[in-house]
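Scroll down for the structure; my scribbles are underneath it.
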Amino acid sequence: FDVAVVEISETVKVVPPQWTKLALSVSLVALVVPAWYRHILPTILELETDSESEGHAEHHKEENVEEGHLSRPLLNGMAKEENGDLKKTCESLRRQVSELERSAANARALEEKNRELEAAIVAISRELGDLQQLADGLQQH
Numbered sequence: 001f002d003v004a005v006v007e008i009s010e011t012v013k014v015v016p017p018q019w020t021k022l023a024l025s026v027s028l029v030a031l032v033v034p035a036w037y038r039h040i041l042p043t044i045l046e047l048e049t050d051s052e053s054e055g056h057a058e059h060h061k062e063e064n065v066e067e068g069h070l071s072r073p074l075l076n077g078m079a080k081e082e083n084g085d086l087k088k089t090c091e092s093l094r095r096q097v098s099e100l101e102r103s104a105a106n107a108r109a110l111e112e113k114n115r116e117l118e119a120a121i122v123a124i125s126r127e128l129g130d131l132q133q134l135a136d137g138l139q140q141h
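Residue numbers for the sequence shown follow the UniProt record's numbering, beginning at 1 and rising by one.
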C-alpha cells in the first residue's frame with residue numbers, strides 16, 4: 001500500500017505529492033470508517049449484547065474491568081452533528097476533486113495549445129530564414 005501511494009504521488013504532476021497523499025488518505029478514511037461503522041461495529045455491539053443477556057454479564061464486567069476494557073462502547077452511535085460534519089467534509093472533498101479535475105483538463109488544453117504555438121513559431125522561423133536567404137540573394141545581384 002505504501003509503495004502504491006508513493007508511486008501515485010510521484011506520477012500525479014497536477015498537485016504536489018503532499019496533497020496527493022492527503023487526498024488518498026482522506027478518501028481511504030471516507031471509505032473505511034463508514035463501512036466499519038455499518039458492518040463491524042453493529043456486530044461487536046450485538047455480540048456484547050448477546051453475552052450480557054446470557055446471565056454472565058456481571059462476571060464479564062468484572063473480567064473486562066480487570067483487563068482494562070471499557071464498561072460501555074465508545075460509539076453508541078454518532079451524534080447527528082458528527083454525522084453532518086462528516087457529510088460536509090465529504091462534500092467539500094468532492095468539490096475539491098472536481099476542481100482538480102477541471103484544473104487538470106485546463107492544464108492539458110493549455111499544454112496542447114502550447115505545442116501548437118511552438119510548432120507555429122518553428123514554421124515562422126523557417127519561413128523567415130528562407131526570406132532572409134532570398135533577400136541576401138537579391139542584394140548580391
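All C-beta atoms, glycine included, are put in the ideal place defined by N, C-alpha and C.
Are there 16 or more other CB atoms within 10 angstroms of the CB of residue i, so buried, or fewer, so exposed?
i, result
"Thr20", "buried"
Given residue i, which residues of its chain have a CB within under 6 angstroms of its CB, disregarding the five upstream and five downstream residues?
i, result
"Ser98", "none"
Provide the residue span of the alpha helix (DSSP H) that contains residue i, from first to last.
i, result
"Ile8", "Asp2 to Thr11"
"Ile44", "Leu41 to Ser51"
"Leu29", "Residue 29 is actually Val in this sequence, not Leu. Pro17 to Ala35 is the span of the alpha helix (DSSP H), which, as asked, contains Val29."
If I measure Cβ to Cβ from residue i and keep anything under 7 angstroms in the same chain, skipping five residues before and after, which residues do I get?
i, result
"Val15", "Leu100"
"Val5", "Lys21 and Leu24"
"Val122", "none"
Measure the beta-carbon distance from residue i to residue j and round it to whole angstroms, keeping in mind my assumption that it falls under 8 angstroms.
i, j, result
"Ser27", "Pro17", "16 angstroms between Cβ atoms; not a contact."
"Ala30", "Cys90", "6 angstroms"
For a minimum of 3 consecutive residues, which ranges assigned as the beta strand (DSSP E) are wholly contained in the region 85-118?
none
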